[in-house]
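Position 35, counted from 1, in the sequence shown is what our numbering calls 515; the numbers after and before it change by one each time, with no gaps. A virtual CB, placed ideally from N, CA and C, is assigned to each residue, including glycine. Only a predicted model underlies this, so the values are computations on that prediction, with no experimental measurement involved. Comments concern the structure below.
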Amino acid sequence: MTSPSPTSKPRNTSMTAASSSPPTTAKRGANSMPPASLQLLAASPPTFSLTRHPEPPPPPPDAPARIWSVFIGRGLYLSEDNGKTWTLKNNGLSPENLNLYKIRRTPSGLLYALSVIKSTDTRIEPGTLYKSTDNGDTWTSLRPDPDVFLSPMNFTIDPADEKRLLIAAARRRVWDDPRPSHGIWESRDAGRTWRKLLAQDCVGITVNPQDSRHMFAAVWETGVFETHDAGATWEQTAYPFSRPTGLVFDPRHDGAIYVHSYGAGVWKGEPVSRNKDKTRQ
Numbered sequence: 481m482t483s484p485s486p487t488s489k490p491r492n493t494s495m496t497a498a499s500s501s502p503p504t505t506a507k508r509g510a511n512s513m514p515p516a517s518l519q520l521l522a523a524s525p526p527t528f529s530l531t532r533h534p535e536p537p538p539p540p541p542d543a544p545a546r547i548w549s550v551f552i553g554r555g556l557y558l559s560e561d562n563g564k565t566w567t568l569k570n571n572g573l574s575p576e577n578l579n580l581y582k583i584r585r586t587p588s589g590l591l592y593a594l595s596v597i598k599s600t601d602t603r604i605e606p607g608t609l610y611k612s613t614d615n616g617d618t619w620t621s622l623r624p625d626p627d628v629f630l631s632p633m634n635f636t637i638d639p640a641d642e643k644r645l646l647i648a649a650a651r652r653r654v655w656d657d658p659r660p661s662h663g664i665w666e667s668r669d670a671g672r673t674w675r676k677l678l679a680q681d682c683v684g685i686t687v688n689p690q691d692s693r694h695m696f697a698a699v700w701e702t703g704v705f706e707t708h709d710a711g712a713t714w715e716q717t718a719y720p721f722s723r724p725t726g727l728v729f730d731p732r733h734d735g736a737i738y739v740h741s742y743g744a745g746v747w748k749g750e751p752v753s754r755n756k757d758k759t760r761q
């Protein structure tokens, strides 16, 4: 996704810090934010402690590691010998758009791969989400009609229910198309049907591994949105920058997330409501 300027827009809001270290606060002009919250992860030289963990047992000699790799413009490659050799696995992918961006595997062995939009001087090819039920030998597109997620940017799988898929889709700024295909899209039947949960210009989505009803969405020009009811209602958080490009829950701290934004770095925090009167405790 392109943008007119690499400068993120600070907002006069705050998030609750997940760390006890002094936070770095964002500013707008001469006015500082209220006592804040967000911790910029690159604000000072990091310190590290080393802990020795038991070595994992080696894999059986007859069980070579399978490694998947995605290539923008080339598609999907698979190695079954720890990366020594690679095989192209594009059977079923659209040859018009091989901008493969991400691949995920479910506990039962299903594979999902996301392609992002492709733009050339002569045409635009939308992205889609592919599914494989045979270890990647064949792929099937899960975009059921032209009005659904034309420009998918990211996707995730519910850790508690592998049939529940969530896609973050952006607006199509590269061509004039009035179809409202942007937003957060959800499938509860492994991609057969889809419904929209949030009608915003979305580029990221993450699900709380401790509570699947709790999710955050990255909205490009606005910030970070939160839901506690599986997407029925959303509220903008106090994350003080626009153009978040991705987010993920901290697996060691329930409720805390990492957010990276275009031009604003990587932040960790426990979000609060943008409306200070409704701050989540």
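Notebook entry, point to check: For S741, which residues of its own chain have a beta-carbon under 8 Å away from its beta-carbon, when the five flanking residues on both sides are left out?
Noted result: Locating residue 741 in the sequence shown gives position 261, where the first residue counts as 1. Result list for S741: S488, F721, S722, R723, P724, T725 and W747, in chain order.
> Quick one: what does DSSP say N551 is sitting in, helix, strand or coil?
Replying inline: Within the sequence shown, numbered from 1, the residue matching residue 551 stands at position 71. The amino acid occupying residue 551 in the given sequence is Phe; Asn does not appear at that position. Correct three-state label for F551: strand.
Nearest-angstrom Cβ-Cβ length linking A736 and E715, presumed shorter than 8 Å:
In the sequence shown, residue 736 corresponds to position 256, counting from 1. In the sequence shown, residue 715 corresponds to position 235, counting from 1. About 17 Å separates the two Cβ atoms, so there is no contact after all.
Next item on the list: Going by DSSP, name the residue or residues bridged to P724.
Entry: Within the sequence shown, residue 724 is the residue found at index 244, counting from 1. Answer is S741.
Unbroken beta strand (DSSP E) run spanning T686, endpoints:
On the sequence shown, residue 686 is found 206 positions in, with the first residue counted as 1. Start and end: C682 to N688.
Q. Would L578 pass as a contact of G555 if the rule is Cβ separation under 9 Å?
A. Counting from 1 along the sequence shown, the entry for residue 578 is found at position 98. Counting from 1 along the sequence shown, the entry for residue 555 is found at position 75. For L578 and G555, yes; Cβs fall inside 9 Å.
What do you reckon, is the C-beta of E715 under 8 Å from a heavy atom of the ligand MG? Absent from the structure shown: the ligand MG. Ligands present: none.
- Message: Rounded to whole angstroms, what is the Cα-Cα separation between D678 and R584?
- Response: As a first step, residue 678 must be located in the sequence shown, where it is residue number 198. As a first step, residue 584 must be located in the sequence shown, where it is residue number 104. Reading off the sequence shown, one finds Leu at residue 678, where the question assumed Asp. Roughly 23 Å separates the two Cα atoms.
If the criterion is Cβ atoms closer than 9 Å, does the pair G703 and T717 meet it? Taking the first residue of the sequence shown as position 1, residue 703 is located at position 223. Taking the first residue of the sequence shown as position 1, residue 717 is located at position 237. Contact: yes.
Rounded Cβ spacing between R644 and R668 (contact assumed at less than 8 Å): For the purposes of this step, residue 644 is taken as the residue at position 164 of the sequence shown. For the purposes of this step, residue 668 is taken as the residue at position 188 of the sequence shown. Contact flag correct, Cβ pair sits at about 5 Å.
DSSP state of W619, grouped into three classes?
-> As a working note, residue 619 is residue 139 in the sequence shown. The answer is coil: DSSP assigns W619 none of H, G, I, E or B.
Within 10 angstroms of the Cβ of V752, are there 16 or more other Cβ atoms? Answer buried if so, exposed if not.
Position 272 of the sequence shown holds residue 752. Looking at its Cβ environment, which holds 16 or more other Cβ atoms inside 10 Å, V752 is buried.
Starting from D691, trace the beta strand (DSSP E) in both directions and tell me its first and last residue. To locate residue 691, count along the sequence shown from 1; it is residue 211. Segment D691 to V699, the beta strand (DSSP E) holding D691.
Notebook entry, point to check: Using DSSP with H/G/I as helix, E/B as strand and the rest coil, what is V746?
Noted result: Reading the sequence shown from its first residue, position 266 is the one you call residue 746. In the structure shown, V746 sits in a strand (DSSP, three-state: E or B).
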